[in-house]
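Heads up: the structure comes next, in structure tokens.
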Amino acid sequence: GAMCMAYSGNCTISNYTAGRDSNRGGCIQSCRFSYSAIPVNNAVAVNSTDNTPSSLMSSKDLRGIDLLPKFLKIGVDSIKVEGRMKSPLYAATTTSAYALALKWCNSTLQEQWSEKLQELSGMLEKIPHRGYTDGSLNNEADAESVYQGERNGRNSGYEIAGTVMEVEDGKSFTMLTHNSFDRNKTLEILTFDGGVIKISTQEMKDLNNKPVKRANPSRLFRFACSEAAEQSADVSGISQVQPLNVVRLKI
13 GAMCMAYSGN
23 CTISNYTAGR
33 DSNRGGCIQS
43 CRFSYSAIPV
53 NNAVAVNSTD
63 NTPSSLMSSK
73 DLRGIDLLPK
83 FLKIGVDSIK
93 VEGRMKSPLY
103 AATTTSAYAL
113 ALKWCNSTLQ
123 EQWSEKLQEL
133 SGMLEKIPHR
143 GYTDGSLNNE
153 ADAESVYQGE
163 RNGRNSGYEI
173 AGTVMEVEDG
183 KSFTMLTHNS
193 FDRNKTLEIL
203 TFDGGVIKIS
213 TQEMKDLNNK
223 PVKRANPSRL
233 FRFACSEAAE
243 QSADVSGISQ
253 VQPLNVVRLK
263 I
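For the sequence shown, counting from 1, position 49 maps to 61 in our numbering; every step adds exactly one.
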């Protein structure tokens, strides 16, 4: 998840720039803004020729799933998804990827771990992130760990479409939308067992069973369940749509 470029819990940049105490939950993420390095007196600005503002204090997001076997070996019992504003899509995808990784490490041959962990690493590319780095998990973090994109920029091919609220006899379900989308789109339901169920919005209806052409945020809509499921290697049987499943949309 998100990393603080300073010593987390001991940063005063937010206090200095905005009067918001980062140590009391008020951080405005001042480190994510772009800054210009201005030489003082006869000093020379490092790596700056035209004084173009850059996010020199912004860190990429930490990804350590490839190192999971090492974590297990040294006795790590739990990990945390870091970031106060992570979406349900982020939480669902991350926990699913790491849960499947743990399952693979406990059930497959060691020589197969690398390939399978790389596959799961690809899952994490489908959630909003600032680029990835392994930080100081292997070696000391260097310039490669600095995020050079826009403050609000995110690398992601998906966004959250909504959350499943109710399933009716396994034939249809009601979803609370988080973003807007049109008919004739393909939604992907992330099931609790790591599966991905793809459904079409062709038969999207409101709660009065009237067909609609566009879904707007914070509304309830009905969809027909699809039997097509993109199963992960460790998911046995057919994945089922359940309440609180997160639904994503490719953008």
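Built from N, CA and C at the ideal position, the CB exists for glycine as well.
Residues bridged to residue i (per DSSP)
i, result
"valine 88", "Per DSSP, none; premise fails for valine 88."
"isoleucine 201", "Ile209, Val259"
"tyrosine 144", "Asp73"
"alanine 18", "In DSSP, alanine 18 forms no bridge with anything."
"proline 223", "Lys217"
"alanine 103", "Partner(s): none; alanine 103 has no beta bridge."
"leucine 188", "Thr175, Leu232"
"tyrosine 47", "Ser66"
Rounded straight-line distance, which links the Cα of residue j to that of residue i
i, j, result
"glutamate 152", "lysine 183", "52 Å"
"tyrosine 170", "valine 88", "31 Å"
"cysteine 16", "serine 157", "11 Å"
"lysine 210", "glutamate 123", "32 Å"
"proline 5", "aspartate 194", "Shown here, the chain extends from 13 to 263; a query on residue 5 therefore has no answer."
"asparagine 27", "lysine 82", "38 Å"
"valine 52", "serine 148", "31 Å"
"alanine 241", "alanine 155", "Because the pLDDT of alanine 241 is 49, which lies under 50, any placement of that residue in the model is unreliable, and the question is left without a value."
"alanine 30", "isoleucine 40", "8 Å"
"isoleucine 91", "leucine 121", "23 Å"
"glutamate 178", "alanine 236", "12 Å"
"leucine 129", "isoleucine 86", "18 Å"
"alanine 160", "tyrosine 102", "The question names alanine, yet the displayed sequence has glutamine at residue 160. Near 21 Å, if we compare the C-alpha coordinates of tyrosine 102 and glutamine 160."
"glutamine 252", "leucine 74", "31 Å"
"leucine 256", "threonine 64", "45 Å"
"aspartate 146", "glutamate 137", "14 Å"
Buried or exposed by the 16-neighbour rule on C-beta atoms within 10 Å, applied to residue i
i, result
"aspartate 33", "exposed"
"glycine 207", "buried"
"isoleucine 139", "buried"
"methionine 135", "buried"
"glycine 249", "Reliability fails at glycine 249, whose pLDDT of 44 lies under 50, so the model's placement of it is uncertain and no value is given."
"isoleucine 50", "exposed"
"glycine 37", "exposed"
"serine 119", "exposed"
"serine 126", "exposed"
"threonine 213", "buried"
"valine 93", "exposed"
"threonine 24", "exposed"
Beta-carbon proximity of residue i to residue j, cut-off 8 Å
i, j, result
"tyrosine 144", "lysine 98", "no"
"arginine 142", "leucine 202", "no"
"asparagine 191", "alanine 173", "yes"
"proline 229", "threonine 175", "no"
"glycine 13", "glycine 76", "no"
"arginine 234", "threonine 189", "no"
"cysteine 43", "leucine 80", "no"
For residue j and residue i, believed in contact at Cβ under 8 Å, the rounded distance
i, j, result
"leucine 46", "serine 67", "A quick correction: the sequence has serine, not leucine, at residue 46. The pair is a contact, with the Cβ atoms about 5 Å apart (cut-off 8 Å)."
"leucine 199", "leucine 219", "No, leucine 199 and leucine 219 are not in contact; Cβ-Cβ is about 18 Å, not under 8 Å."
"alanine 9", "leucine 132", "Since the displayed the chain opens at 13 and closes at 263, residue 9 lies outside it and no answer follows."
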